Amino acid sequence: MMGGSMETRALGKGLSALIPDKVSKPGGEVTFLKTELVQDNPFQPRTHYDENKLAELKASIKEKGILVPVLVRLKDGKYQVVAGERRLKAARSLSVQEIPAIVREVSDQEALVLALIENIQREELNPIEEAEAYKKLIEEFRYTQDMVAESVGKDRSTVTNLLRLLKLPAEIQQSVYDGGLSVGHARALLGVESPGEQKKFFDLVLKKGLSVRELEEIVRSGAKDSARRAKPRETRDRELAALEEQLQNALGTKVSIQARKKKGKIVIEYYSLDDLDRIIAKFKS
(Lines of atoms letter the chains of each structure in order from A and count residues from 1; the text may use other names and numbers.)
(Lines give C-alpha, C1' and ligand atoms only; values in the text may rest on other atoms or scores of the structure.)
Protein backbone atom coordinates (compact mmCIF):
# COMPACT_ATOMS: atom_id res chain seq x y z
CA MET A 1 0.00 0.00 0.00
CA MET A 2 2.82 2.39 0.75
CA GLY A 3 4.46 4.09 -2.18
CA GLY A 4 7.74 5.86 -2.76
CA SER A 5 11.26 4.54 -2.41
CA MET A 6 11.14 4.01 1.36
CA GLU A 7 10.76 0.40 2.46
CA THR A 8 7.79 -0.40 4.69
CA ARG A 9 10.18 -2.39 6.88
CA ALA A 10 12.03 0.82 7.67
CA LEU A 11 8.83 2.37 8.94
CA GLY A 12 8.19 -0.64 11.14
CA LYS A 13 11.61 -0.25 12.75
CA GLY A 14 10.86 3.36 13.58
CA LEU A 15 12.86 6.51 12.99
CA SER A 16 16.16 4.91 13.97
CA ALA A 17 16.13 3.06 10.66
CA LEU A 18 16.07 6.38 8.82
CA ILE A 19 17.97 8.87 10.97
CA PRO A 20 21.47 8.53 12.46
CA ASP A 21 21.71 8.82 16.23
CA LYS A 22 24.05 11.80 16.19
CA VAL A 23 25.11 14.45 13.73
CA SER A 24 28.73 13.36 14.09
CA LYS A 25 28.08 9.75 13.12
CA PRO A 26 30.71 8.74 10.51
CA GLY A 27 29.40 8.00 7.06
CA GLY A 28 26.05 9.67 7.74
CA GLU A 29 24.06 11.51 5.11
CA VAL A 30 23.59 14.68 7.09
CA THR A 31 23.42 18.03 5.35
CA PHE A 32 22.88 21.50 6.79
CA LEU A 33 19.91 23.52 5.55
CA LYS A 34 18.97 27.12 6.20
CA THR A 35 16.32 26.94 8.91
CA GLU A 36 14.12 29.49 7.18
CA LEU A 37 13.90 27.29 4.07
CA VAL A 38 12.44 24.26 5.88
CA GLN A 39 8.64 24.21 5.94
CA ASP A 40 6.32 22.54 8.45
CA ASN A 41 4.84 19.10 7.84
CA PRO A 42 1.20 19.55 6.68
CA PHE A 43 0.54 15.99 7.87
CA GLN A 44 1.82 16.61 11.40
CA PRO A 45 -0.81 15.00 13.67
CA ARG A 46 0.20 17.02 16.71
CA THR A 47 -1.50 20.40 17.06
CA HIS A 48 -0.52 21.17 20.67
CA TYR A 49 3.05 21.55 21.95
CA ASP A 50 3.97 21.39 25.62
CA GLU A 51 5.58 24.75 26.34
CA ASN A 52 7.65 23.38 29.24
CA LYS A 53 9.12 20.60 27.10
CA LEU A 54 9.77 23.08 24.30
CA ALA A 55 11.61 25.34 26.75
CA GLU A 56 13.73 22.38 27.91
CA LEU A 57 14.57 21.55 24.30
CA LYS A 58 15.60 25.14 23.58
CA ALA A 59 17.85 25.15 26.66
CA SER A 60 19.48 21.93 25.43
CA ILE A 61 20.00 23.36 21.94
CA LYS A 62 21.56 26.50 23.41
CA GLU A 63 24.03 24.40 25.39
CA LYS A 64 24.80 21.53 22.99
CA GLY A 65 23.31 22.41 19.64
CA ILE A 66 21.01 20.12 17.66
CA LEU A 67 22.42 16.61 18.13
CA VAL A 68 19.87 14.64 16.08
CA PRO A 69 19.13 15.78 12.52
CA VAL A 70 15.59 16.35 11.32
CA LEU A 71 14.18 14.25 8.49
CA VAL A 72 13.04 16.31 5.48
CA ARG A 73 11.73 15.72 1.99
CA LEU A 74 11.68 17.80 -1.18
CA LYS A 75 8.10 18.71 -2.03
CA ASP A 76 7.41 20.95 -5.03
CA GLY A 77 10.99 22.17 -4.95
CA LYS A 78 10.91 23.09 -1.25
CA TYR A 79 12.17 21.32 1.86
CA GLN A 80 9.47 20.06 4.21
CA VAL A 81 10.13 18.56 7.63
CA VAL A 82 8.86 15.00 8.07
CA ALA A 83 10.17 14.18 11.54
CA GLY A 84 11.70 16.60 14.02
CA GLU A 85 9.20 19.44 13.86
CA ARG A 86 9.70 20.31 17.53
CA ARG A 87 13.43 20.71 16.94
CA LEU A 88 12.64 22.92 13.95
CA LYS A 89 10.30 25.10 16.02
CA ALA A 90 12.90 25.44 18.76
CA ALA A 91 15.60 26.32 16.22
CA ARG A 92 13.38 29.00 14.69
CA SER A 93 12.61 30.58 18.05
CA LEU A 94 16.34 30.68 18.85
CA SER A 95 17.13 32.16 15.40
CA VAL A 96 19.42 29.21 14.59
CA GLN A 97 20.62 29.84 11.05
CA GLU A 98 21.18 26.25 9.91
CA ILE A 99 19.73 22.93 10.99
CA PRO A 100 21.20 19.43 10.42
CA ALA A 101 18.94 17.38 8.18
CA ILE A 102 18.65 14.15 6.23
CA VAL A 103 16.81 14.34 2.91
CA ARG A 104 14.68 11.36 1.90
CA GLU A 105 12.10 10.62 -0.79
CA VAL A 106 8.90 10.41 1.22
CA SER A 107 5.29 10.19 -0.02
CA ASP A 108 2.41 12.02 1.66
CA GLN A 109 1.24 8.90 3.46
CA GLU A 110 4.77 8.11 4.63
CA ALA A 111 5.05 11.69 5.89
CA LEU A 112 1.99 11.11 8.05
CA VAL A 113 3.12 7.67 9.26
CA LEU A 114 6.62 8.88 10.15
CA ALA A 115 5.28 11.90 12.03
CA LEU A 116 2.95 9.52 13.87
CA ILE A 117 5.78 7.14 14.75
CA GLU A 118 7.95 9.95 16.06
CA ASN A 119 5.21 11.34 18.30
CA ILE A 120 4.10 7.93 19.54
CA GLN A 121 7.66 6.90 20.39
CA ARG A 122 8.07 10.11 22.38
CA GLU A 123 4.55 9.88 23.85
CA GLU A 124 3.72 13.39 22.68
CA LEU A 125 0.31 12.88 21.04
CA ASN A 126 -2.90 13.12 23.00
CA PRO A 127 -5.45 10.35 22.31
CA ILE A 128 -7.65 12.47 20.04
CA GLU A 129 -4.71 13.62 17.89
CA GLU A 130 -3.59 10.01 17.57
CA ALA A 131 -7.10 8.83 16.66
CA GLU A 132 -7.48 11.59 14.05
CA ALA A 133 -4.19 10.56 12.46
CA TYR A 134 -5.31 6.93 12.29
CA LYS A 135 -8.59 8.04 10.74
CA LYS A 136 -6.68 10.05 8.13
CA LEU A 137 -4.61 7.01 7.18
CA ILE A 138 -7.78 4.94 6.80
CA GLU A 139 -9.91 7.46 4.94
CA GLU A 140 -7.34 9.21 2.76
CA PHE A 141 -4.77 6.48 2.17
CA ARG A 142 -7.09 3.44 2.36
CA TYR A 143 -5.25 1.75 5.21
CA THR A 144 -6.96 -1.04 7.12
CA GLN A 145 -6.80 -1.01 10.91
CA ASP A 146 -4.34 -3.89 10.70
CA MET A 147 -2.06 -1.83 8.45
CA VAL A 148 -2.27 1.16 10.80
CA ALA A 149 -1.40 -1.05 13.77
CA GLU A 150 1.56 -2.59 11.95
CA SER A 151 2.85 0.80 10.77
CA VAL A 152 2.89 2.38 14.23
CA GLY A 153 3.80 -0.77 16.18
CA LYS A 154 0.62 -1.07 18.24
CA ASP A 155 -1.99 -3.77 18.79
CA ARG A 156 -4.99 -3.63 16.50
CA SER A 157 -7.30 -3.43 19.52
CA THR A 158 -5.50 -0.26 20.64
CA VAL A 159 -6.06 1.32 17.24
CA THR A 160 -9.74 0.27 17.25
CA ASN A 161 -10.35 1.67 20.74
CA LEU A 162 -8.74 5.00 19.88
CA LEU A 163 -10.81 5.32 16.69
CA ARG A 164 -13.97 4.76 18.73
CA LEU A 165 -13.22 7.96 20.69
CA LEU A 166 -14.05 9.93 17.54
CA LYS A 167 -17.67 8.76 17.83
CA LEU A 168 -18.15 10.78 21.01
CA PRO A 169 -19.76 14.25 20.88
CA ALA A 170 -17.36 17.07 20.00
CA GLU A 171 -17.48 18.56 23.51
CA ILE A 172 -16.41 15.28 25.08
CA GLN A 173 -13.65 14.78 22.51
CA GLN A 174 -12.38 18.28 23.29
CA SER A 175 -12.23 17.45 26.99
CA VAL A 176 -10.15 14.34 26.23
CA TYR A 177 -7.94 16.46 23.96
CA ASP A 178 -7.43 19.07 26.70
CA GLY A 179 -6.73 16.41 29.33
CA GLY A 180 -9.84 17.21 31.37
CA LEU A 181 -11.33 13.76 30.77
CA SER A 182 -9.31 10.56 30.82
CA VAL A 183 -9.42 7.94 28.07
CA GLY A 184 -10.86 5.51 30.62
CA HIS A 185 -13.81 7.84 31.27
CA ALA A 186 -14.29 8.34 27.53
CA ARG A 187 -14.40 4.59 26.92
CA ALA A 188 -17.00 4.21 29.65
CA LEU A 189 -19.13 6.86 27.92
CA LEU A 190 -18.95 4.84 24.71
CA GLY A 191 -21.10 2.28 26.49
CA VAL A 192 -23.97 4.77 26.29
CA GLU A 193 -25.74 4.76 22.92
CA SER A 194 -27.39 8.20 22.92
CA PRO A 195 -25.17 11.30 22.48
CA GLY A 196 -27.58 13.14 24.77
CA GLU A 197 -27.11 10.55 27.50
CA GLN A 198 -23.34 10.61 26.95
CA LYS A 199 -23.42 14.36 27.55
CA LYS A 200 -25.43 13.91 30.77
CA PHE A 201 -22.97 11.35 32.12
CA PHE A 202 -20.07 13.57 31.03
CA ASP A 203 -21.50 16.52 32.97
CA LEU A 204 -21.96 14.23 35.98
CA VAL A 205 -18.28 13.22 35.85
CA LEU A 206 -17.20 16.88 35.82
CA LYS A 207 -19.61 17.83 38.60
CA LYS A 208 -18.99 14.89 40.94
CA GLY A 209 -15.40 13.98 40.06
CA LEU A 210 -16.37 10.36 39.44
CA SER A 211 -13.65 7.76 39.01
CA VAL A 212 -13.67 5.54 35.93
CA ARG A 213 -15.00 2.62 37.97
CA GLU A 214 -17.80 4.74 39.45
CA LEU A 215 -18.79 5.96 36.00
CA GLU A 216 -18.79 2.42 34.61
CA GLU A 217 -21.05 1.30 37.45
CA ILE A 218 -23.48 4.16 36.86
CA VAL A 219 -23.53 3.49 33.13
CA ARG A 220 -24.24 -0.18 33.75
CA SER A 221 -27.06 0.57 36.15
CA GLY A 222 -28.49 3.16 33.81
CA ALA A 223 -28.60 5.97 36.38
CA LYS A 224 -28.98 9.38 34.76
CA ASP A 225 -28.23 11.44 37.83
CA SER A 226 -26.68 9.67 40.80
CA ALA A 227 -26.90 12.76 42.99
CA ARG A 228 -30.59 13.75 42.65
CA ARG A 229 -32.50 11.07 40.83
CA ALA A 230 -32.09 7.76 39.16
CA LYS A 231 -34.27 6.43 36.39
CA PRO A 232 -33.86 2.68 36.28
CA ARG A 233 -32.80 1.24 32.96
CA GLU A 234 -33.24 -2.32 31.82
CA THR A 235 -29.99 -4.09 32.70
CA ARG A 236 -28.13 -5.80 29.94
CA ASP A 237 -28.31 -9.57 29.73
CA ARG A 238 -24.90 -10.90 30.76
CA GLU A 239 -25.03 -13.74 28.29
CA LEU A 240 -25.63 -11.29 25.42
CA ALA A 241 -22.76 -9.12 26.67
CA ALA A 242 -20.48 -12.18 26.70
CA LEU A 243 -21.55 -13.12 23.17
CA GLU A 244 -20.95 -9.54 22.08
CA GLU A 245 -17.41 -9.67 23.45
CA GLN A 246 -16.75 -13.01 21.75
CA LEU A 247 -17.88 -11.60 18.39
CA GLN A 248 -15.72 -8.52 18.84
CA ASN A 249 -12.66 -10.63 19.59
CA ALA A 250 -13.36 -12.94 16.66
CA LEU A 251 -14.00 -10.17 14.12
CA GLY A 252 -11.54 -7.59 15.45
CA THR A 253 -14.08 -4.76 15.40
CA LYS A 254 -16.89 -3.29 17.50
CA VAL A 255 -20.02 -5.45 17.59
CA SER A 256 -23.25 -4.61 19.40
CA ILE A 257 -26.19 -6.92 20.03
CA GLN A 258 -29.43 -4.98 20.35
CA ALA A 259 -32.03 -7.25 21.96
CA ARG A 260 -35.75 -6.51 21.86
CA LYS A 261 -37.77 -9.17 23.71
CA LYS A 262 -37.49 -12.30 21.54
CA LYS A 263 -35.78 -10.64 18.59
CA GLY A 264 -33.10 -8.09 17.90
CA LYS A 265 -30.20 -7.27 15.62
CA ILE A 266 -26.42 -7.53 15.50
CA VAL A 267 -24.52 -4.42 14.39
CA ILE A 268 -20.98 -5.02 13.07
CA GLU A 269 -18.91 -1.89 12.47
CA TYR A 270 -16.24 -1.44 9.79
CA TYR A 271 -14.01 1.54 9.05
CA SER A 272 -13.11 1.13 5.38
CA LEU A 273 -13.93 -1.09 2.40
CA ASP A 274 -10.76 -3.09 3.08
CA ASP A 275 -11.90 -3.58 6.66
CA LEU A 276 -15.29 -4.80 5.39
CA ASP A 277 -13.57 -7.29 3.06
CA ARG A 278 -11.49 -8.53 6.01
CA ILE A 279 -14.60 -9.11 8.13
CA ILE A 280 -16.45 -10.89 5.30
CA ALA A 281 -13.41 -13.13 4.78
CA LYS A 282 -13.58 -14.14 8.45
CA PHE A 283 -17.20 -15.24 8.00
CA LYS A 284 -16.32 -17.24 4.89
CA SER A 285 -13.47 -19.00 6.66
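Every number in this note's numbering is 5 more than the matching position in the sequence shown, counting from 1.
Even glycine gets a Cβ: it sits at the ideal position worked out from N, Cα and C.
All figures in this text were calculated on a predicted structure; none of them were measured in a lab.
The beta strand (DSSP E) enclosing G269, as first and last residue numbers = Here residue 269 refers to the residue found at position 264 of the sequence shown. Its beta strand (DSSP E) spans residues K268 to I273.
Sequence ranges, beta strand (DSSP E) only - wholly within the segment 89-123, length at least 3 | 103-108
Measure the beta-carbon distance from A88 to L62 and round it to whole angstroms, keeping in mind my assumption that it falls under 8 Å.
-> Sequence index remark: in the sequence shown, residue 88 carries index 83 (1-based). Sequence index remark: in the sequence shown, residue 62 carries index 57 (1-based). Incorrect: roughly 15 Å between the Cβ atoms, too far for contact.
Give the range of the alpha helix (DSSP H) segment to which I285 is assigned.
-> By one-based count along the sequence shown, residue 285 stands at place 280. Its alpha helix (DSSP H) spans residues L278 to K289.
Helix, strand or coil for S293, going by three-state DSSP, please let me know.
-> In the structure as shown, the chain starts at 6 and stops at 290, and residue 293 therefore has no counterpart that could be examined.
Of the residues E134, N254 and K213, the one placed nearest F4, counting alpha carbons only = There is no way to answer for residue 4, as the model of the chain reaches only from 6 to 290.
Closest to S199 by CA distance: which of L186, Y182, I223 and P174 is it?
-> Within the sequence shown, residue 199 is the residue found at index 194, counting from 1. Looking at the Cα atoms, P174 is the closest of the given residues.
Please work out which residues of its chain come closer than 7 Å, Cβ to Cβ, to N51, disregarding the five sequence neighbours upstream and downstream, and give them in chain order.
-> Start at 1 with the first residue of the sequence shown, and residue 51 comes out as number 46. The identity of residue 51 in the sequence shown is Arg, whereas the question assumes Asn. The answer, listed in chain order, is N124, E129, L130 and E134.
Kindly indicate which residue of A120, L281, I262 and V157 has the alpha-carbon position closest to the one of V111.
-> Taking the sequence shown and counting its residues from 1, the one referred to as residue 111 is at position 106. Checked all of A120, L281, I262 and V157; the closest Cα to V111 is A120.
Touching by the beta-carbon criterion (3+ pairs, under 8 Å), the segment 100-107 and the segment 71-84 = yes
Taking the beta strand (DSSP E) that I262 falls in, what are its first and last residues?
-> The count along the sequence shown starts at 1 and reaches residue 262 at position 257. Note, I262: beta strand (DSSP E), V260 to R265.
Over the uninterrupted beta strand (DSSP E) stretch that includes V77, give me the two end residues.
-> To locate residue 77, count along the sequence shown from 1; it is residue 72. Taken as a continuous stretch (DSSP letters only), the beta strand (DSSP E) holding V77 covers V75 to K80.
Pull up the CB-CB distance for L195 and F206, whole angstroms please, since I reckon it's below 8 Å.
-> Residue mapping note: residue 195 aligns to position 190 of the sequence shown, counting from 1. Residue mapping note: residue 206 aligns to position 201 of the sequence shown, counting from 1. With a Cβ gap of about 11 Å, L195 and F206 do not count as contacting.
For T258 versus T165, is the C-beta distance shorter than 8 Å?
-> Counted from its first residue, the sequence shown places residue 258 at position 253. Counted from its first residue, the sequence shown places residue 165 at position 160. Taking 8 Å as the Cβ cut-off, T258 and T165 qualify as a contacting pair.
Going by Cα to Cα distance, which pick from L59, V43, Q114 and K67 is closest to V86?
-> For this step, residue 86 is matched to residue 81 along the sequence shown. Of L59, V43, Q114 and K67, the residue nearest in Cα terms is V43.
V28 versus K69: straight-line alpha-carbon distance, rounded | Residue 28 sits at position 23 when you count from the first residue of the sequence shown. Residue 69 sits at position 64 when you count from the first residue of the sequence shown. With a pLDDT of only 45 at V28, under the threshold of 50, the placement of this residue in the model should not be trusted, and no figure is reported.
What's the gap between the Cα of Y84 and the Cα of V118?
-> Against the sequence shown, residue 84 aligns to sequence position 79. Against the sequence shown, residue 118 aligns to sequence position 113. If I take the Cα positions, the gap works out to 18 Å.
Cβ-based burial, L278 [other Cβ within 10 Å; buried from 16] = Taking the sequence shown and counting its residues from 1, the one referred to as residue 278 is at position 273. Exposed, by the Cβ-count rule.
If you check the beta carbons only, do E103 and D45 fall under 8 Å apart?
-> Taking the sequence shown and counting its residues from 1, one reaches residue 103 at position 98. Taking the sequence shown and counting its residues from 1, one reaches residue 45 at position 40. Their beta carbons are not under 8 Å apart, which means E103 does not touch D45 by this criterion.
Whether L256 touches I285 by CB criterion (8 Å) | In the sequence shown, the residue the question calls residue 256 occupies position 251. In the sequence shown, the residue the question calls residue 285 occupies position 280. Not in contact: L256 and I285 (Cβ atoms no closer than 8 Å).
Residue range of the unbroken beta strand (DSSP E) whose run includes L38 = To locate residue 38, count along the sequence shown from 1; it is residue 33. Its beta strand (DSSP E) spans residues T36 to K39.
Taking the alpha helix (DSSP H) that P50 falls in, what are its first and last residues?
-> Within the sequence shown, the letter at position 45 stands for residue 50. From DSSP, P50 is part of no alpha helix (DSSP H); its letter is neither H nor E.
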